[in-house]
Amino acid sequence: MTIARACRLFSVTLVLAAAACRPSSGSEAPAGSTREVNLSAVVWLQTAAEFEALALQAFAQATAALDQALVEPSWVAAPEQTSAPEGAPPAVILDVDETVLDNSPYQGWLLRSGERFAPASWGAWVEAAAAEAVPGALAFTKAAAARGVTVFYVSNRDVSGEAATRQNLARLGFPLAEEVDVVLLKGEREDWGSAKGTRRAEVASRYRIVMLVGDNLGDFTDEYKGDVAARAKVIEATAPWWGRRWIMIPNPMYGSWESALGEGEPATTLRSGLKAWRGPE
Ligand SMILES: [Mg+2]
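In this text, residue positions in the sequence shown follow my numbering: the first is 73, and each later residue adds one.
See the structure below:
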């Protein structure tokens, strides 16, 4: 058995062994880095019946709320839209990654290989168009399309990945309207950056946006970049919208919640967010 093969076998069963066996390249993740501490999050999302139940629960709530939205003409859901244009047709906006497509195998590869997230490897994963659907997402989007609601996908995938993203969504059967561009990616227009407000505004100019679905606060509002306290205030201020106009899918693997803890070595910043009991006397 080669050393490389032995290392691969170890890495399947033992995280510490995997750390010891990694090639000593510049991309090596130190033990305790965010990719190591992400093991629980990735495996939970991939194996826990509880995750599947949460996702199904979220999309069931989305479907119920959608029926309510459609009979209330004043119902709008985007911060960029206070009222819809006269006679505007209804639309829903969903994020893509970890909202409709499950990219946890890419996170699994990061853990196995010891690599850190990098645009090149992420781009290769996107091009593979191999993601499966988040539980409940397909049923919800199909239900929306069946009700005459246009389904938009607003994602921070780079525009270079549009063909592969469309291919992945189409392979899984997600509705992709043909009369209008419904896949709006970062960089597709000059003012379409990471913040999604300009893309929501574009949809809002022609449609009544009745619901937003995402896994990141930025999928709902551009006020997502603050620290932990600032983000908590945003949630308090928008409390009545959750479960009605806004539907959140749980993603413990990554998100702007991480950067809210500060810049620096991820394992350190994550630990800074920890609240702990002082322990037994
Ligand atoms: Mg996402």
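Every residue gets a Cβ at the ideal spot worked out from N, C-alpha and C, and that includes glycine. Predicted model only: the values in this text are computed from it and were never measured.
| Check | Outcome |
| --- | --- |
| Candidates Asp-253, Gly-298, Gly-233, Ala-203, of which the one nearest Leu-173 by Cα | Ala-203 |
| Cβ neighbour criterion (16 or more within 10 Å) applied to Ser-112 | exposed |
| Proximity test, Glu-170 beta-carbon vs ligand 1 heavy atom, cut-off 6 Å | yes |
| Gln-140, buried or exposed, once every other Cβ within 10 Å from all chains shown has been counted against 16 | exposed |
| Enclosing alpha helix (DSSP H) for Phe-131 [first to last residue] | 121 to 143 |
| Per-residue DSSP class, three states only, for Ala-205 | strand |
| Proximity winner among Gly-180, Thr-341, Trp-313, relative to Asn-110 (alpha-carbon distances) | Gly-180 |
| Cα-Cα separation between Ala-302 and Pro-338, rounded to whole angstroms | 20 Å |
| Arg-343, buried or exposed, once every other Cβ within 10 Å from all chains shown has been counted against 16 | exposed |
| Contact the stretch 138 to 153 vs the stretch 252 to 261: 3+ CB pairs below 8 Å | no |
| heavy atom of ligand 1 below 6 Å from Asn-288 C-beta | yes |
| Residues near Ala-155 in its chain [Cβ-Cβ closer than 8 Å; skip 5 each side] | Residue identity differs from the one stated: residue 155 is Ser in this sequence, not Ala. Closer than 8 Å at Cβ, skipping near neighbours: Ser-146, Val-148. |
| Val-221 (DSSP reduced to helix, strand or coil) | coil |
| Span of the beta strand (DSSP E), counted from its first residue to its last, around Trp-349 | Where Trp-349 is concerned, there is no enclosing beta strand (DSSP E), given that its DSSP letter is neither H nor E. |
| Cα-Cα separation, Pro-324 to Trp-116 | 9 Å |
| Which residues DSSP lists as bridging Lys-258, in chain order | Asp-230 |
| Asp-167: CB within 6 Å of a non-hydrogen atom of ligand 1 | yes |
| Selection from Trp-318, Val-164, Arg-188, Thr-222 that minimises the alpha carbon distance to Asp-287 | Trp-318 |
| Residue nearest to Pro-161 in terms of C-alpha spacing, selected from Tyr-178, Thr-222, Val-206, Glu-152 | Thr-222 |
| Expected contact under 8 Å - CB spacing of Ser-227 and Leu-289 to nearest Å | 15 Å between Cβ atoms; not a contact. |
| Neighbourhood of Val-198 by C-beta distance below 7 Å, restricted to the same chain and skipping five residues each side | Arg-229, Gly-233, Ala-236, Thr-237 |
| N- and C-terminal bounds of the beta strand (DSSP E) containing Val-285 | 280 to 286 |
| Proximal residues to Leu-244 (C-beta, below 6 Å), its chain only, five neighbours per side dropped | Ala-205 |
| For Pro-191, the first and last residue of its enclosing alpha helix (DSSP H) | 191 to 200 |
| C-beta atoms of Leu-126 and Pro-322 nearer than 7 Å | yes |
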